[in-house]
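Asks:
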Amino acid sequence: MKIRTNTVVVNRLLLLTPLLFFGIGGAWFFALFLDNANGGPIYDNLVPEMIGFCLEGFFLIGLFSLIQRRRERERREDLWQSLRGALRELLSYLDIGLLGESAEPADSLALEQDPETVSLLRQKLAAQELELDSMASMKQVAERNLATIHDLIPVAAQLSAAHMRWWLAITDSVRLITEATDRAAVTYSINRLLANLEEFDRLDL
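Start counting at 1 in the sequence shown, then tack on 49, and there's your number in the working numbering.
1. Using only the alpha-carbon positions, how far apart do isoleucine 116 and arginine 124 sit?
2. Mapping the DSSP letters down to three states, classify proline 203 as helix, strand or coil.
3. Please determine, among Gln189, Ala152, Ala211 and Val235, the residue with the shortest C-alpha to C-alpha distance to serine 222.
4. Report back the beta-carbon spacing between isoleucine 202 and tryptophan 216 to the nearest angstrom; my notes put them in contact at under 8 Å.
5. Residues in its own chain within less than 6 Å of histidine 199 by CB, not counting five upstream and five downstream?
6. To the nearest angstrom, report how far apart tryptophan 129 and lysine 188 are at their CA atoms.
7. Give the straight-line distance between the Cα atoms of leucine 170 and leucine 147, rounded to the nearest whole angstrom.
8. Using a Cβ cut-off of 7 Å (strictly closer), state whether arginine 193 contacts chain B.
9. State the Cα-Cα distance for the pair glutamate 105 and glutamate 121, rounded to the nearest angstrom.
10. For arginine 251, which residues of its own chain have a beta-carbon under 8 Å away from its beta-carbon, when the five flanking residues on both sides are left out?
11. Less than 6 Å between C-beta atoms, sequence neighbours within five positions excluded: which residues of the same chain meet that for glutamate 247?
12. According to DSSP, is serine 209 helix, strand or coil?
13. Tell me whether serine 151 sits in a helix, a strand or coil according to DSSP, three-state version.
14. Mind checking aspartate 231: buried by the 16 CB within 10 Å criterion, or exposed?
15. With H, G and I counted as helix, E and B as strand and the rest as coil, what does DSSP make of alanine 76?
16. Do the region 172 to 189 and the region 204 to 212 touch if we need at least three Cβ pairs shorter than 8 Å?
17. Rounded to whole angstroms, what's the CA-CA distance from lysine 173 to aspartate 144? Just pull it up for me.
18. When the Cα atoms are used, what is the spatial distance from arginine 241 to phenylalanine 107?
19. If we ignore side chains and look at the alpha-carbon of each, how far apart do threonine 237 and serine 141 end up?
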């Protein structure tokens with residue numbers, strides 16, 4: 050992660066350096082243009098052109114920087130969604146297991162993207178116990194998805210060291226669900242999964 054941080058710093062410096070160059074250069078030529086004592090044919094033609102050149106360079110690089118930041122933001126959001134999407138089946142089975150008699154299942158998109166859905170599931174789990182068949186289903190889903198969730202650790206690392214740490218904790222929670230042998234162990238492991246996921250969702254992109 051230190052290598053990635055250094056790379057980000059270098060990339061920002063590469064963008065800031067030409068911005069400073071064109072900004073300072075444009076300001077200097079503009080100040081020169083305002084100094085009437087330096088008048089002359091070369092001065093009258095060259096200095097305005099240099100001012101225009103500096104302004105164009107400044108705005109073009111600034112625009113490129115904004116586009117690059119937007120693309121980086123979109124890339125990080127895609128990575129985050131791919132991570133959250135890997136947990137959708139687990140959350141869906143948990144949501145179904147905690148449904149009331151007249152309640153509707155949570156929307157698939159909400160399970161993948163809405164942090165409040167995780168908090169709501171945690172509240173429901175604290176208020177009621179899962180049936181044994183729901184626990185068995187959770188264990189099966191956890192076993193089916195554990196390898197995929199584990200393989201996504203490098204993806205979480207691309208977001209930040211904190212994202213990777215909490216994803217490791219999430220992976221461990223899913224592993225505990227697969228290894229649980231009684232009701233208390235399953236409930237504990239699911240609670241731990243939801244708590245770790247809440248912390249993961251709180252991290253900034």
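Glycine included, C-beta positions come from ideal geometry on N, C-alpha and C.
Replies: Let me lay it out:
1. Translated into the one-based positions of the sequence shown, residue 116 becomes position 67. Translated into the one-based positions of the sequence shown, residue 124 becomes position 75. Going by the C-alpha atoms only, they are around 12 Å apart.
2. Counting from one through the sequence shown, the residue named residue 203 turns up at place 154. Of the three classes helix, strand and coil, the one that applies to proline 203 here is helix, per DSSP.
3. Taking the sequence shown and counting its residues from 1, the one referred to as residue 222 is at position 173. The residue from Gln189, Ala152, Ala211 and Val235 with its alpha-carbon nearest to that of serine 222 is Val235.
4. Working through the sequence shown from its first residue, we reach residue 202 at position 153. Working through the sequence shown from its first residue, we reach residue 216 at position 167. Sure, about 6 Å apart at Cβ, within 8 Å.
5. On the sequence shown, position 150 is the one that residue 199 refers to. Within its own chain, the residues whose Cβ lies closer than 6 Å to the Cβ of histidine 199, once the five positions on either side in sequence are excluded, are Thr220, listed in chain order.
6. As a position in the sequence shown, residue 129 is number 80, starting the count at 1. As a position in the sequence shown, residue 188 is number 139, starting the count at 1. Cα to Cα, the separation comes out at about 24 Å.
7. Your numbering for residue 170 matches position 121 in the sequence shown. Your numbering for residue 147 matches position 98 in the sequence shown. So the alpha carbons of these two residues sit roughly 8 Å apart.
8. Annotation note: the requested chain B is absent from the structure, which comprises a single protein chain.
9. Here residue 105 is taken as the residue at index 56 of the sequence shown, counted from 1. Here residue 121 is taken as the residue at index 72 of the sequence shown, counted from 1. Their Cα atoms are separated by approximately 24 Å.
10. Stepping through the sequence shown from its first residue, residue 251 is reached at position 202. So the qualifying residues of the chain are Pro164.
11. For the purposes of this step, residue 247 is taken as the residue at position 198 of the sequence shown. Close CB contacts of glutamate 247 within its chain, under the 6 Å cut and outside five residues either way in sequence, are with Val167 (chain order).
12. For the purposes of this step, residue 209 is identified with residue 160 of the sequence shown, where counting begins at 1. Coil at serine 209, not helix or strand.
13. Within the sequence shown, numbered from 1, the residue matching residue 151 stands at position 102. In the three-state reduction of the DSSP assignment, serine 151 falls in the coil class.
14. What you label residue 231 is simply residue 182 of the sequence shown in a count that begins at 1. Its Cβ having fewer than 16 others within 10 Å, aspartate 231 is exposed.
15. Within the sequence shown, numbered from 1, the residue matching residue 76 stands at position 27. Helix.
16. Contact between the region 172 to 189 and the region 204 to 212 is absent, because fewer than three Cβ pairs lie under 8 Å.
17. Start at 1 with the first residue of the sequence shown, and residue 173 comes out as number 124. Start at 1 with the first residue of the sequence shown, and residue 144 comes out as number 95. The alpha-carbon separation between lysine 173 and aspartate 144 amounts to approximately 9 Å.
18. Looking up residue 241 in the sequence shown gives position 192. Looking up residue 107 in the sequence shown gives position 58. For arginine 241 and phenylalanine 107, the distance between alpha carbons rounds to 50 Å.
19. Translated into positions along the sequence shown, residue 237 becomes position 188. Translated into positions along the sequence shown, residue 141 becomes position 92. Per the sequence shown, residue 237 should be read as tyrosine rather than threonine. C-alpha of tyrosine 237 to C-alpha of serine 141: approximately 18 Å in a straight line.
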